[in-house]
Amino acid sequence: VTVGKNRLPWAPYHGERAGVKLHVAYSPESSLPADVAETIGLRHDGPVGEQLTNAQQVLVEDRAYFKIERPDRFVEQHQRFVIRMKDNTELHQKKSLNRLPSASSSVQADCTCQLGTKQYSSTKRHRLVIFRDAKGRDIRVVTNRFLSLI
Numbered sequence: 141v142t143v144g145k146n147r148l149p150w151a152p153y154h155g156e157r158a159g160v161k162l163h164v165a166y167s168p169e170s171s172l173p174a175d176v177a178e179t180i181g182l183r184h185d186g187p188v189g190e191q192l193t194n195a196q197q198v199l200v201e202d203r204a205y206f207k208i209e210r211p212d213r214f215v216e217q218h219q220r221f222v223i224r225m226k227d228n229t230e231l232h233q234k235k236s237l238n239r240l241p242s243a244s245s246s247v248q249a250d251c252t253c254q255l256g257t258k259q260y261s262s263t264k265r266h267r268l269v270i271f272r273d274a275k276g277r278d279i280r281v282v283t284n285r286f287l288s289l290i
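With our numbering applied, the sequence shown covers 141 to 290.
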């Protein structure tokens, strides 16, 4: 949440703005937030995301939390996750998943792949789903949800 810097002088963000962030761990069983951490706008999201990991919950994160090694670690820890990937993350050894075509679906691609560059990439294959939003932009999400269906 961003506002003018005079409204939250203790939470400077950028220039004339101030802001706070709510980081939420979601529990699919209860359909409610399971844990919440609040920070000021300038604090980096990554460390906060680490403190919200819990194998009983689905970790839903945006690009600021994404690092190549995290999906591998989450798979090893049995942590369920859905993370929006950075646009410049490279994909290797893509293998499309069999899907029933649907004209009304916003899903543009559904595959497994390795993430990162040839010099530094994930050691495991991960599911990648590419959605198209209402403005025609592609949103790339990496997840370990529903991998048992592959």
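Ideal placement from N, C-alpha and C gives every residue a C-beta, glycine not left out.
Residue i to residue j span [Cα, whole Å]
i	j	result
residue 141	residue 158	8 Å
residue 178	residue 191	12 Å
residue 242	residue 248	10 Å
residue 204	residue 250	22 Å
residue 143	residue 227	27 Å
residue 244	residue 184	37 Å
residue 155	residue 181	12 Å
residue 175	residue 278	29 Å
residue 213	residue 160	28 Å
residue 152	residue 186	19 Å
Nonlocal neighbours in the same chain, by C-beta distance under 7 Å from residue i, ignoring five residues either side
i	result
residue 254	232, 233, 261, 262 and 265
residue 104	A query on residue 104 cannot be resolved here, the shown segment of the chain reaching from 141 to 290 and no further.
residue 188	163, 177 and 179
residue 202	224
Residues near residue i in its chain [Cβ-Cβ closer than 6 Å; skip 5 each side]
i	result
residue 282	211, 223, 225, 266 and 268
residue 239	250
residue 148	158
Nonlocal neighbours in the same chain, by C-beta distance under 8 Å from residue i, ignoring five residues either side
i	result
residue 246	271, 272 and 273
residue 216	none
residue 209	262
Enclosing beta strand (DSSP E) for residue i [first to last residue]
i	result
residue 189	Segment 185 to 191 is the alpha helix (DSSP H) holding residue 189; no beta strand (DSSP E) there.
residue 250	247 to 255
residue 164	157 to 167
residue 235	231 to 236
Opening and closing residue of the alpha helix (DSSP H) in which residue i lies
i	result
residue 277	From DSSP, residue 277 is part of no alpha helix (DSSP H); its letter is neither H nor E.
residue 175	Looking at the DSSP string, residue 175 is not in any alpha helix (DSSP H); the run it does join, the beta strand (DSSP E), is 172 to 180.
residue 286	Premise fails: residue 286 is in no alpha helix (DSSP H) and is neither H nor E.
Any chance the segment 162 to 173 sits against the segment 186 to 197, with 3 or more Cβ pairs inside 8 Å? yes
Which runs of the beta strand (DSSP E) fall wholly inside the segment 193 to 223 and span at least 3 residues, in chain order? 198 to 201
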